[in-house]
Amino acid sequence: MRLLRHLTTAPSAPPTPSRPGGGNAARPLSERETQVVRAIAHGRTNLEIGAEMFISLSTVKGHVAAIQAKLGLRNRVEIAAWAWENQVVRR
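This is the structure in structure tokens:
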């Protein structure tokens, strides 16, 4: 929670799609993956994301795994931080 509070109160910088783990810039996120990133950044669980997007839990997990691979991130916290830092979500 502190991380999200810090990210939402930090001065906004121009969007720079950084890829912290050396993710592949040639593989942009799909629209569905971007929706999942936004939901994760807002603190939704996989079950909540599935219910909101009308997809199965395993599909949500597949999207999360693809996001992690494309962006070179290790977990949901890093996905959320990346989303806020790159202005994928707005305050």
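All letters in the sequence shown, in the order written, are residues 932 to 1022 by our numbering. In this text, a Cβ means the ideal position worked out from N, Cα and C, and glycines have one as well.
Look up His994 in the DSSP assignment and say whether it is helix, strand or coil. helix
Which of the three DSSP states, helix, strand or coil, is assigned to Asn977? helix
Assuming Ala972 contacts Val1019 (C-beta within less than 8 Å), just tell me the rounded distance between them. 7 Å
Kindly indicate the opening and closing residues of the alpha helix (DSSP H) around Ile1010. 1007-1016
Rounded to a whole number of angstroms, what is the C-alpha to C-alpha distance between Gly981 and Lys992? 9 Å
Suppose you measure from the CA of Lys1001 to the CA of Val968; what does that come to, to the nearest Å? 12 Å
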